[in-house]
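Worksheet: one structure, shown below.
Residue numbers (the numbering used here), protein chains in the order written: chain A, 1 to 164; chain B, 1001 to 1789.
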C-alpha cells in the first residue's frame, strides 16, 4: 500500500517492464501490493491470498520467476522487473503467448499471466528443457481449468522452436 | 449445411475468442475492477455452527469514522434464497445454522477500516445443539435445523419428494423400476458395499467478487464473477424487492465457476450496500470464505447392491444414498434428484431402486460442483461393476458393453432411448477406448513396493437442467452489420470452457462466413436475451440451438433481400465466405457481398437485418412415481486409469487417464479436449487429494496450503478421445461435455488401485493414510483367516 501517516517508509527505484520507476512504500508492503495496487498492474493476480501457493502473482525479477506475494516491495530495489504486460513486442505476441493461444493452453485465463512468466523464466535459463523440466518449472502455478497438458504442450513447442 | 466446395468452420481447432487479451494480461476480472469513490465491503460471519443470536449491536461499527453503512437481516427486504428451498437468509435472522454464516456486512472507505468495523460489531450467541453427521441428524430426537420446514417455498420439481414429517430430511427422491427385492433374491451373484465421498471445494482461482454502483440514470449496475448473470439478476431483485428493470448485471471475464457462482451472497450484499450508501461498493471473498461462504461439493454416503447373472447381465441395482446438504437446501435437493436419475448409469437394468435423501446438518453448506451429484453415485455403481467383472473373470469393458444402452434401451425412469430422438454413443465410447487400449495392455505389474494396475469406469450425464426445472431456456439474436460482419447477442458465458467460441462457429457456419466475421456483443443482462448461463453442460446445446435458430432465420432474411436485388429466387442463392452468389455456376457473375447487401437493406430499403431465436428444454419433470424423460441429450463417458501404488507409503500415482466421450458433433475439438483434460485432473484431485475436512462444522485448514489441488507435477498422461456421433436435437448434431468429464474418474482410479493391490477402497479421497489403512486391514484379515485355517 502507498505510504501514509508516520509508518516507516522506504524509497526505491527499479526497472518495471523496461521503464525506470520509483516508489515510496511502507516496509511491510509486498511486491504484489505495490505492482497490483500502486502501479495498477491487474495482470498480477492472486488466488491464495498471498501465501505463495498458487503462482498467479508470479513476476520476473532479473529474469527469474518469483511469487510477488512473498517478496517485499523493497526487494525489488534496483531490479529488472517484468510482468506479462510487457511480454509482447508491441502487437507482436511473444512466442510463448502465440503458442498458448494456438494450442488452447488457456481457459478462464486467471493463471495465464503467471504461467507465461514461469515458462519464460524457464526458457531464459534452459532454452531446451525436457518435458519433465517444464512440468517441474510450472508446478508452483495452479490452473484449475486445463489439466496442464495443453500448457506443457505450448511451452514444449516453443522450446522446440516450432512456429505455433 | 456445408457444401463440399468449402471447408466447414465446424470441427476446426480455433483458439478461444479473447485469447489474445488473456495472454497479454488485459482481460478484466471483477477482482481487477475499481471505480472512483468505491467503498469496500466485509462480511461478519458466525463463529458457531448452530446458535441463537441473542443480541446484535452494530452501533459502534456504524460510529467508526470511514464506515458508510452496516447492514443486518433487517435491511434485507425478502431475506430468503435457495434454488431448491427458499430458506437461506442473505444475512442471518435470529439464528445461525453453520460456521461462517453471514450475520452482518459493512461498507467502508478501505479494507482496513472495514475489517475494524467488523470487529466492532457485538453479537451474543446462545449455542444450540448441533449435528455434524447424517446419522446423528436423522436419529430420533436430533436437533432440528428447520422445525417449520413446510412453510418455505420450494422448487416445483421437488414437490413430490418433500418429506413433510418433522426431521432433518429435506427431500427423499425415489426412482424405481421392476421388483428389486425379488430380482436380488434370485440373482446368482450379488455384490454389496457401502461408500463414502467427501465435501470438496471448487477452488475457482478468482474468488467470488462483486462491484455495484448507480449509473447516472439511477439504475444499479452490478459486475460480478459468475457464469450466470441472468440468474444472479433475478435472485438479487427478488431478495431486495427491486424491479428487474432497476438493475443490470454485467458480464466481465470470469475466473471459473464450476457450479459455485450461481447462488448469490456477496453479489447481493454489495448491491444492498450500494443502495444504502448511494456509492460504489466492491466486495470479494477471501480464500477462506470460498470454503465457508460458498457451497461445496456434497458429501455422500451410499449403500448399494448389484445383482448379476453368471453371464454378466446386470439384473438389479438397489442403491440408497444420503447427501449432506448442510444447513440450507440451495442446490442440495436438485443435486440429489440428478444423482438419483444418473445413479443406475448407462445400463439396461430391469430392476432398479434408487432412494436419495437430502439431509440437513450443521456442516458447511453443500451445493453444486461440476458433476452435480453424479460422481458420488457413479463411484459406488462403477466400483460394484468392477467387483462383478473381477469375480466373473470378464474384462470390465466387456461387462459394460454387454449391458450398455443402445438404440431402444429404457432407463430406470422409463425414458426410451431411440436413435431418432437421441444420440446414443455409449457403446462407441467403449469401443474407442478398447481400440486405443487393447485388453492385453492391461497388465498389472509388481516392482518392489510399486504395484501397477488399470481400471475402468463409465457414466452418463445430460445436457441441460432436464428434470430439475420447468423450462431450461436461452435466447439469442444475430445482426448483420453495415460492414458485412455479424454480431451475436447471447448470454452464454465463457467462464473458461470456451463455449462462446463454439457458438460463434455455429453461427458462422449457418450464415456462411468465417468465424472472425462474427463478433460477440457485450453480455450484460440489458444487452442479451435471457440465458440460463454456464451450468449443466447446457450452453452449447441450448444456447447453441438458440443462436443457430437466430442465424438460420437471419440467413433466410438475407437471401430474401438478395433475391430481390439479384432478381433470382432465394432458394437459388447461397452465402459463402461473405459473398451471396447463385448456386448455379453459370450465373457466377450474379454476386453481392454481405456489406453491399447490408448497405442496401439498411440505407435504401430501411430494413433491419436482424433475427431472434430461442430454444427451450422443457417437459422433462418427473412424475410422482419418478417416471419421465429427465435428460434432454445424453452425455456418455468411458474412462481408463492406470495407476502405480507404493504399498509401503500408500502413495498413489496416476500414470495415465484416457477418456472417451460422446460429444455429438465436435464443433471445436480443441475446446472439447480442454474440457475433458481439465475435468480429468479435477477427478484425480477428487479421487486422491481434495477434501474439506471439518471438525464440528469448522473447516480445518481452509486455505490452499492445506487443501491440496492437483498441480502440474501431479498430472498423468491425459488422453482425451473425442467420439463423434450425431445428437438429433443438437445444433449441427452437437451437445455438451464439461459436466460429464469427471463423473467416472474417481471410480476408474479406485478400480485401477484395486487391480494394482487387490484392495478396494470405498471412501474418497484415497489419501496415502487411507491407502495404508486399507492395505493393513486386508493384511490383518488375511492373517486372521490363515490362523483360523
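Glycine residues also receive a C-beta, built at the ideal position from the N, C-alpha and C atoms.
Since the model is a prediction, treat every value here as computed from it, not as a measurement.
> For residue 1397 of chain B versus residue 1358 of chain B, is the C-beta distance shorter than 7 Å?
Replying inline: no
>> 7 Å is my cut-off, CB to CB: does residue 1124 of chain B come that close to chain A?
In response: no
> Quick one: what's got a C-beta closer than 7 Å to residue 1434 of chain B's C-beta in the same chain, skipping five residues either side?
Replying inline: 1397
>> Can you confirm whether the stretch 1600 to 1611 of chain B touches the stretch 1550 to 1558 of chain B when touching is taken to mean that 3 or more C-beta pairs between the two stretches lie within less than 8 Å?
In response: yes
>> Between which residues of its own chain and residue 1675 of chain B is the CB-CB distance below 7 Å, once the five residues before and five after are set aside?
In response: 1497, 1737, 1738, 1741
> Among residues of its own chain, excluding the 5 on either side of residue 1002 of chain B, which ones have a beta-carbon nearer than 6 Å to its beta-carbon?
Replying inline: Residue placement at residue 1002 of chain B cannot be trusted, given a pLDDT of 39 that sits under 50; the coordinates are not used to answer.
>> Could you pull the DSSP bridge partners for residue 1071 of chain B from this structure?
In response: B:1105
>> Give me the residue from B:1568, B:1627, B:1601, B:1340 with the minimum Cα distance to residue 1591 of chain B.
In response: B:1568
>> Let me confirm a value: residue 1583 of chain B is counted as buried when at least 16 other C-beta atoms fall within 10 Å, else exposed. Which label applies?
In response: exposed
> What is the rounded straight-line gap between the Cα of residue 1 of chain A and the Cα of residue 25 of chain A?
Replying inline: Caution applies to residue 1 of chain A, whose pLDDT of 45 falls short of 50 and renders its modelled position unreliable; the value that the coordinates give is listed next. Whole-angstrom Cα-Cα distance: 7 Å.
> Between the beta-carbon of residue 1346 of chain B and the beta-carbon of residue 1545 of chain B, is there less than 7 Å?
Replying inline: no
>> Along the chain, where does the beta strand (DSSP E) containing residue 1323 of chain B start, and where does it finish?
In response: 1314 to 1324
> For residue 1065 of chain B and chain A, any beta-carbon pair shorter than 7 Å?
Replying inline: no
> Quick one: is residue 146 of chain A buried, meaning 16 or more other Cβ sit within 10 Å of its Cβ, or exposed?
Replying inline: buried
> In chain A, which residues lie with their C-beta within 7 Å of the C-beta of residue 1670 of chain B?
Replying inline: 104
>> Just to confirm, is the Cβ distance from residue 1488 of chain B to residue 1518 of chain B under 7 Å?
In response: yes
> Do three or more CB pairs link the stretch 105 to 119 of chain A to the stretch 1639 to 1646 of chain B at distances below 8 Å?
Replying inline: no
>> Let me see if you follow: with CB-CB separation under 7 Å, is residue 1715 of chain B close to chain A or not?
In response: yes
>> Within 10 Å of its beta-carbon, does residue 1776 of chain B have 16 or more other beta-carbons around it, so buried, or fewer, so exposed?
In response: exposed
>> Which of the three DSSP states is assigned to residue 1035 of chain B in this structure?
In response: coil
>> Any C-beta of chain B within less than 9 Å: which residues of the stretch 142 to 153 of chain A qualify?
In response: 142, 143, 144, 145, 146, 147, 148, 149, 150, 151, 152
> Rounded to whole angstroms, how far is the Cβ of residue 1056 of chain B from the Cβ of residue 1104 of chain B, which I believe are closer than 8 Å?
Replying inline: 7 Å
> According to DSSP, which residues form a beta bridge with residue 1303 of chain B?
Replying inline: B:1194, B:1320
>> If you follow the alpha helix (DSSP H) that residue 154 of chain A is in, where does it begin and where does it stop?
In response: 149 to 159
>> Helix, strand or coil, according to DSSP, for residue 1659 of chain B in the structure here?
In response: strand
> What is the C-beta distance between residue 1381 of chain B and residue 1304 of chain B, in whole angstroms, given that I count them as a contact (C-beta under 8 Å)?
Replying inline: 7 Å
> Secondary structure at residue 1584 of chain B, three-state DSSP: helix, strand or coil?
Replying inline: coil
>> Using only CA atoms, which one of B:1128, B:1062, B:1661 lies nearest to residue 1361 of chain B?
In response: B:1128
>> For residue 1042 of chain B and residue 1210 of chain B, what's the separation of their Cα atoms in angstroms?
In response: 12 Å
> For residue 1529 of chain B, does the count of other Cβ atoms within 10 angstroms reach 16, so buried, or fall short, so exposed?
Replying inline: buried
> What are the boundary residues of the beta strand (DSSP E) that residue 61 of chain A is part of?
Replying inline: 58 to 61
>> Quick check on this structure: which residue in B:1671, B:1672, B:1173 has the alpha carbon closest to the alpha carbon of residue 1413 of chain B?
In response: B:1173
>> Pull the bridge partners of residue 1212 of chain B from the DSSP assignment, please.
In response: B:1222, B:1281
> Given that residue 1029 of chain B touches chain A, what residues does it touch there, using C-beta distances under 7 Å?
Replying inline: 110
>> Bridge partners for residue 1416 of chain B per DSSP, in chain order?
In response: B:1410
> Hey, is residue 59 of chain A's beta-carbon within less than 7 Å of any beta-carbon in chain B?
Replying inline: no
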